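Okay, so here's the structure we're looking at.
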Ligand SMILES: Nc1ncnc2c1ncn2[C@@H]1O[C@H](COP(=O)(O)OP(=O)(O)OP(=O)(O)O)[C@@H](O)[C@H]1O
Ligand SMILES: [Mg+2]
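Residue numbers (the numbering used here), protein chains in the order written: chain R, 12 to 1203; chain S, 1220 to 1509.
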């Protein structure tokens, strides 16, 4: 019996087109990803090679997890087919045996479901041998990786959903419901394992993740460079156990499911037809009274009625209920514990909450739209009522419009549910500034419009294809392909695509104001295009039985008559006119045909040999008169820069670079314009007579910007009605290497040489040390700024406020900055409130948005603590003022910046951190301390423009901030920072596509080094030699370089100072820390406790230690070592800390290989650890900590 | 108000000719369509009901081109398909109300009254709040009849309306139909020949897509007067008779078989003349393949 069912099923599927189209699709996608640029899967660690063993496995991993619904659809079809085609009454009354039927169907359909997976290897193998491939991007085929990927990763991953789906659909014989249920289960477990990871149960998560992705990640995380090309995942450790676990679960589910299944057809009929007497109903004629209302009113009522009918049935259907449940579930966690790194929470400010809701809802609502569109468009056909409904005299547009509306309403309901959750989460966290308008505009305006547009597109696709599967496929393909093509179209042609809603960043400062016009213009545009699509849909709406495309087109032509034709003409005409207007009147920032790339290349070829490294006059003094018009988003700047010839030879020619965006007109005294290249934003002047050494001239420039009346994506997100900021707005002098074309491919296309790395670390390269890292045209400058702005605004620039006055209803502010500091012009204008204090004779200020007062005291605290610490330990602070200024959240990733004495701090940063709970990380404090530290480590000691410069600024600022933090809040707080730094460093280096450098040679793009490795290294150093010695070294560095011009400091200078303070025996460690890339792999392999008399415990640890040195490509080799490493034993945890009270902490000398450590404690420890606070960089820190076992 | 069908042809992909030069002219009143399974009745009715386009030929109703002016004809049309399903989780009232709304009745009060009246007519009023998907076969058929009759259509096309109805409901239905037929063109297809004989003054017989007969029902029966003969024969002699005469029906009767044959004169001794009915007409026209 089994064999008959099995073969029948197998042959059934082998005849189906679905199987082959899936196989072809997988093969095709993988082929394209290997052999073309159309699709690129991001390889692990941003690696350029396309077919590494690991990539193959990760693709198996990813596609088998992502395609779970596809694998499930075969067994689902096998289990429900009899029911769907109403064959069950026939089949189940034959003599087929239960197990024969079940197992035959299951086995055959599952085997079929696995076939498309083979397309992965097929696509990769075919794609990687194409003759046009670049051989540098491919490595030889690694068969074990393919095999393991298929057998150990993909097959179990496909088996689980297949089994579950099969078993569920035995109970619920409805394919769509089962798929939705399965999807929900999947996302649920996904989220569950995510939660486990967040709560540090990484290993449990690795076991419980049904797709093994965490176990795979465990094996591959933090791999770098060379290892990424050769390593692959093997079936050991957690992956093995994970597979065993889930295969057994699959088997169990199948067994239980099959046992409980009975071969009885399902019936749902009204039990008894009772013949009750008909109530005395008025047997009037059943003629429908056509009321005398005008036709259009009738139509409107029909639309309304239909929308209501469809909405009701949509929201009572399983799809809506399951997806809404899922939305609630995904929202519950982030809303109740709204986190932003460091494990600390942010205050639930409305803008942030709304962002979370929009982001979390986007995916489920999209799924809802795609699935529901497929169901709604084909609903009549699915229910087999289409022959009745189609012949009813309703207009053709009624169903598509009504259903679109109903679906949009359902989506709006989901978003509203999200919003209610959001409000609720705000209220229970005691936050009452609810800002309903932000909810409404963001969710029911912008987000709903975006989803509506998607809904219209998906509907159109479904209606045009007239086959649901085709429609789904197209929507899926659209997800992959359209972003590519549409972005090509949009960038190359400047067409405004309806999928590319302009981005919108709400801020409490300016609300939606700068975006409103563009968004409105865009919304009208997309709604008009939607109207055109609706027209198309109503022409193609299927109303007969004939689905052939030619018949439908003929029918569409017949429909396009009379009033429909008029409506079509009006809609298309309006859309065209509006489109023409939009594309001409609205400023849309797109770059015709690679203009900026060409300009950058042109700049380099014209000027590099002529000006690079040639002496040019230096800017010594800056004077700005800035008129800000925030309401109009306009700026007028008059600048006067004094240029002095500090070289030995007279200067005749200078290159002036103009900042982008603004309109500039430059006038250079005693000089005339030699060359003006507006496309390059560069000018060359000749000074006549040449500028003699020591002489100065002045450069005047007026710059202006007026925001266009209508703008889709803002060119300047920082020019806003409230909170306007401007930095780096005046012309610069000399060749700027930053302007060079950065993309190597584009460079070679244009015949440019390879991009030079930033100048290597070389303390003897005095030419390079002539410039500091932030500007090449000045050393230390004095600066004066006069700003005028709206009368209720405060304007801020670096410097002491000399005077403020009101004139012609505008407020003026006059700032002067001395002593001379590195050039860093900045102006800001906003309606702000101030908290003012004094500290060591310095006026300290925190300027903040009136609604964001929560963390102002903490910031003030940070400001004072950092100032005190710096003054006590490093040397005097150079200004009479220190101010923190809040600025709007234009870019969420910029938390804070440092200008001389003035530190802008983002609205999305520490201002909304929730520090009310006792375990919160003091982020507001920490970042303020970091920025204050820059006043020493950027504005006093200035790094030379070569590798390692960022170590002088960022690493030292991190160090200072850690010390201040420790002083105020204790070392536990610092350790939380270090834990994050540890992860960020390892994750960052895995993503570095170029070489990793040792810390002393950090490149400007390697922030994972200067911040995170820097934090780890400096804390290690401080444990090694102590804070006082480090500070003594820093003081000497300050004395040598502080506030001085060239030659600027290098990281070698700093390391030499450290060396002078470090005892000779630790010099090797110092070298490891700064000049090498060292990783440890420490692991406790055994831990025993033995009771001693008098209540003492003897603890014996067996520790395996390895020290690895990595080269810049990531090739590791083991180096022998002998070093003091801390061993700790801790009591049980009683709060949010990682460890309980320390029972034992001592350095032990450990060496490569196996070590045994014996020590005694007074209590039984809960955990013991080697290097408990992760001073050493260890890729796997989980095995450093164990719970000891008592000896029998 | 005449429905005129001219030279309608339809060939399915795969080569099956479902309609072959069908021409009919149908005036108000009940019109029956007879034909064996697969004859093309439903195909013809779907074509008239705007559900599918013919390959060639035309259909006009009251000056409206049914194939080109679909929306005009739909407002006059009531259609009951041979098979249909319903929306899940929707009560009889809600669904009928929905259909009435789609038929253009937007006044909710008037609509509710008509819908309730209609439900009474088909004897489903007491089940109006039950989901239609839980109805029995006959009840669902009645629901289908109700929706087709809703709104006083002037062109009513009903495909096998009586299939699955119990005798009582069938009588009710016949009455209902009879009262409607006065002002409308009603086309019904059925396999129950008595229905046609009772109800339809005119009818057509279709076989393999071709019209074998169209015209008055009584004329059809009359044309057979004196041409139908019956005889009791032993079972094993049947093949012999079948090869010699045009046997139009056989019926088992207490161990032997009564056969009816079609012949202009008494073919043989032992045959006796019998009264023709529509069934004999039907079988005399349809080539028997036994
Ligand atoms: N969608 C279709 N595709 C292909 N052939 C079809 C289709 N629908 C009907 N046919 C064929 O057209 C012929 C006429 O079918 P139709 O349904 O009109 O017959 P009918 O007279 O209504 O039969 P019955 O009495 O069984 O309902 C049949 O041979 C049938 O196989
Ligand atoms: Mg039929």
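Just so you know, even glycine gets a beta-carbon here, dropped at the ideal spot from N, CA and C.
This one's a predicted model, so the numbers in the text were calculated from it and none came from an experiment.
### Sub-9 angstroms separation of residue 368 (chain R) and residue 433 (chain R) beta-carbons
Walking along the first chain from the start, residue 368 (chain R) turns up at place 357. Walking along the first chain from the start, residue 433 (chain R) turns up at place 422. Yes, these two residues count as a Cβ contact at 9 angstroms.
### Query
Could you give the residue range of the alpha helix (DSSP H) that holds residue 856 (chain R)?
Within the first chain, residue 856 (chain R) is the residue found at index 845, counting from 1. It is not in any alpha helix (DSSP H) - residue 856 (chain R) instead sits in the beta strand (DSSP E) that spans 853-859.
### Query
Quick one: which chain R residues come within Cβ less than 8 angstroms of residue 1306 (chain S)?
Locating residue 1306 (chain S) in the second chain gives position 87, where the first residue counts as 1. Those within 8 angstroms of residue 1306 (chain S) in chain R are 324, 390, 394 and 396.
### Task
Starting from the N-terminal end, write out each residue whose C-beta falls within a distance shorter than 7 angstroms of any non-hydrogen atom of ligand 3.
In the structure on display, ligand 3 does not appear, and the ligands it does have are ligand 1 and ligand 2.
### Query
Going along chain R, which residues have a C-beta under 8 angstroms from residue 1447 (chain S)?
Position 228 of the second chain, counting from 1, holds the residue named residue 1447 (chain S). Residues of chain R passing the Cβ test: none, with the nearest at roughly 39 angstroms.
### Query
Going by the CB atoms, is the gap between residue 1486 (chain S) and residue 1448 (chain S) shorter than 9 angstroms?
What you label residue 1448 (chain S) is simply residue 229 of the second chain in a count that begins at 1. What you label residue 1486 (chain S) is simply residue 267 of the second chain in a count that begins at 1. In this structure, the beta-carbon distance from residue 1448 (chain S) to residue 1486 (chain S) falls below 9 angstroms.
### Query
Within 9 angstroms (strictly less), CB to CB, does residue 385 (chain R) reach chain S?
The residue given as residue 385 (chain R) occupies position 374 in the first chain. No, its Cβ sits nowhere closer than 9 angstroms to a Cβ of chain S.
### Query
Is residue 337 (chain R) near residue 134 (chain R), with beta carbons less than 9 angstroms apart?
On the first chain, position 326 is the one that residue 337 (chain R) refers to. On the first chain, position 123 is the one that residue 134 (chain R) refers to. Using a Cβ distance threshold of 9 angstroms, residue 337 (chain R) and residue 134 (chain R) do not count as a contacting pair.
### Query
Contact check, residue 71 (chain R) vs residue 516 (chain R) under 8 angstroms by CB: the rounded distance?
Walking along the first chain from the start, residue 71 (chain R) turns up at place 60. Walking along the first chain from the start, residue 516 (chain R) turns up at place 505. Wrong, their Cβ atoms sit about 39 angstroms apart, outside the cutoff.
### Task
Please list the partners that residue 403 (chain R) has in chain S, where partner means a Cβ-to-Cβ separation under 8 angstroms.
As a position in the first chain, residue 403 (chain R) is number 392, starting the count at 1. Listed by position along chain S, the residues whose Cβ is nearer than 8 angstroms to that of residue 403 (chain R) are 1293, 1318, 1321 and 1322.
### Query
Which residues in chain S sit within 8 angstroms of residue 362 (chain R), going by Cβ to Cβ distance?
For the purposes of this step, residue 362 (chain R) is identified with residue 351 of the first chain, where counting begins at 1. Simply none; closest approach about 40 angstroms.
### Task
Using 8 angstroms as the cut-off, classify the Cβ of residue 1428 (chain S) as near or not near the heavy atoms of ligand 1, replying yes or no.
As a working note, residue 1428 (chain S) is residue 209 in the second chain. The answer is yes for residue 1428 (chain S).
### Query
At what residue ranges does the stretch 1339-1368 of chain S contain a whole run of the alpha helix (DSSP H), taking only runs of 4 or more?
Unbroken alpha helix (DSSP H) stretches of 4 residues or longer found wholly inside the stretch 1339-1368 of chain S: 1356-1368, given in chain order.
### Task
State the start and end residues of the unbroken beta strand (DSSP E) segment that holds residue 1448 (chain S).
Locating residue 1448 (chain S) in the second chain gives position 229, where the first residue counts as 1. From DSSP, the beta strand (DSSP E) with residue 1448 (chain S) extends over 1447-1452.
### Query
Where do the ends of the alpha helix (DSSP H) carrying residue 526 (chain R) lie?
Your numbering for residue 526 (chain R) matches position 515 in the first chain. 524-551 is the span of the alpha helix (DSSP H), which, as asked, contains residue 526 (chain R).
### Query
Does the beta carbon of residue 40 (chain R) fall short of 8 angstroms from some heavy atom of ligand 1?
The residue labelled residue 40 (chain R) in the question sits at position 29 within the first chain. Taking 8 angstroms as the cut-off, the C-beta of residue 40 (chain R) does not count as close to any heavy atom of ligand 1.
### Task
Would you mind working out which of R:1055, R:110, R:164 and R:860 sits nearest residue 521 (chain R), comparing C-alpha positions?
Translated into positions along the first chain, residue 521 (chain R) becomes position 510. Looking at the Cα atoms, R:860 is the closest of the given residues.
### Query
Out of curiosity, what's the CA-to-CA distance linking residue 704 (chain R) and residue 742 (chain R)?
If you number the first chain from 1, residue 704 (chain R) lands on position 693. If you number the first chain from 1, residue 742 (chain R) lands on position 731. Rounded to the nearest angstrom, the two C-alpha atoms are 22 angstroms apart.
### residue 1425 (chain S): CB within 8 angstroms of a non-hydrogen atom of ligand 1
Along the second chain, one-based indexing puts residue 1425 (chain S) at 206. With a cut-off of 8 angstroms, the C-beta of residue 1425 (chain S) is classified as near ligand 1, since at least one heavy atom of the ligand falls inside that distance.
### Query
Since residue 1076 (chain R) is in the beta strand (DSSP E), which residue starts that stretch and which ends it?
Along the first chain, read from residue 1 onward, the residue named residue 1076 (chain R) stands at position 1065. The continuous stretches of beta strand (DSSP E) do not include residue 1076 (chain R), and DSSP gives it neither H nor E.
### Message
Would residue 1169 (chain S) pass as an interface residue toward chain R - the criterion being a Cβ-Cβ separation below 9 angstroms?
### Response
This structure cannot settle anything about residue 1169 (chain S), because the visible part of chain S is limited to 1220 through 1509.
### Message
Any heavy atom of ligand 1 closer than 8 angstroms to the beta-carbon of residue 10 (chain R)?
### Response
Outside the shown range of chain R, which is 12 to 1203, sits residue 10 (chain R), and nothing can be said about it.
### Message
Does chain S have any CB closer than 9 angstroms to the CB of residue 91 (chain R)?
### Response
As a first step, residue 91 (chain R) must be located in the first chain, where it is residue number 80. No, because no Cβ of chain S sits closer than 9 angstroms to the Cβ of residue 91 (chain R).
#### Entry: Proximal chain R residues relative to residue 1484 (chain S), where beta-carbon distance stays under 9 angstroms
In the second chain, counting from the first residue as 1, residue 1484 (chain S) sits at position 265. Within chain R, no C-beta atom comes nearer than 9 angstroms to that of residue 1484 (chain S); the closest sits roughly 48 angstroms away.
#### Entry: Distance between residue 425 (chain R) and residue 458 (chain R) (C-alpha atoms, nearest Å)
Sequence index remark: in the first chain, residue 458 (chain R) carries index 447 (1-based). Sequence index remark: in the first chain, residue 425 (chain R) carries index 414 (1-based). Going by the C-alpha atoms only, they are around 12 angstroms apart.
### Task
Flag this pair as yes or no: are the beta carbons of residue 1212 (chain R) and residue 1118 (chain R) separated by less than 9 angstroms?
Beyond the ends of chain R as shown, which are 12 and 1203, falls residue 1212 (chain R); an answer cannot be given.
### Message
Assuming contact is defined by CB atoms lying nearer than 9 angstroms, are residue 474 (chain R) and residue 536 (chain R) in contact in what I supplied?
### Response
Along the first chain, read from residue 1 onward, the residue named residue 474 (chain R) stands at position 463. Along the first chain, read from residue 1 onward, the residue named residue 536 (chain R) stands at position 525. The criterion of a C-beta distance shorter than 9 angstroms is not satisfied by residue 474 (chain R) and residue 536 (chain R).
### Query
Does the Cβ of residue 397 (chain R) lie closer than 8 angstroms to at least one heavy atom of ligand 1?
Position 386 of the first chain holds residue 397 (chain R). No, ligand 1 has no heavy atom inside 8 angstroms of this Cβ.
#### Entry: Residues of the stretch 1265-1284 of chain S whose Cβ lies closer than 7 angstroms to any Cβ of chain R, in chain order
Within the stretch 1265-1284 of chain S, 1265, 1268, 1269, 1270, 1271 and 1272 place their CB atoms closer than 7 angstroms to a CB of chain R, listed in sequence order.
### Task
State yes or no: is the beta carbon of residue 1403 (chain S) nearer than 9 angstroms to at least one beta carbon in chain R?
For this step, residue 1403 (chain S) is matched to residue 184 along the second chain. Under the Cβ criterion of 9 angstroms, residue 1403 (chain S) is not counted among the residues facing chain R.
### Length of the line joining the Cα atoms of residue 1373 (chain S) and residue 1316 (chain S)
The residue you call residue 1373 (chain S) lines up with position 154 of the second chain. The residue you call residue 1316 (chain S) lines up with position 97 of the second chain. Looking at the two C-alpha atoms, the distance is approximately 20 angstroms.
### Query
If we cut at 9 angstroms on Cβ distances, does residue 492 (chain R) have a partner in chain S?
Taking the first chain and counting its residues from 1, the one referred to as residue 492 (chain R) is at position 481. Its pLDDT being 48, under 50, residue 492 (chain R) is placed unreliably by the model, and nothing is read from it.
#### Entry: Beta-carbon proximity list for residue 297 (chain R), same chain, < 8 angstroms, skipping 5 on both sides
Taking the first residue of the first chain as 1, we reach residue 297 (chain R) at position 286. In this prediction, residue 297 (chain R) scores a pLDDT of 49, lower than 50, which makes its location untrustworthy; the coordinate-derived value is nonetheless stated afterwards. Contacts found: none.
### Query
Helix, strand or coil for residue 561 (chain R) per DSSP?
As a working mapping, residue 561 (chain R) is identified with position 550 in the first chain. Helix.
### Task
Go ahead and pull the three-state DSSP assignment for residue 1136 (chain R).
Here residue 1136 (chain R) refers to the residue found at position 1125 of the first chain. Residue state, collapsed to three classes: strand.
#### Entry: Whole-angstrom distance between residue 136 (chain R) and residue 144 (chain R), CA atom to CA atom
Working through the first chain from its first residue, we reach residue 144 (chain R) at position 133. Working through the first chain from its first residue, we reach residue 136 (chain R) at position 125. Each residue's Cα considered, the two are about 13 angstroms apart.
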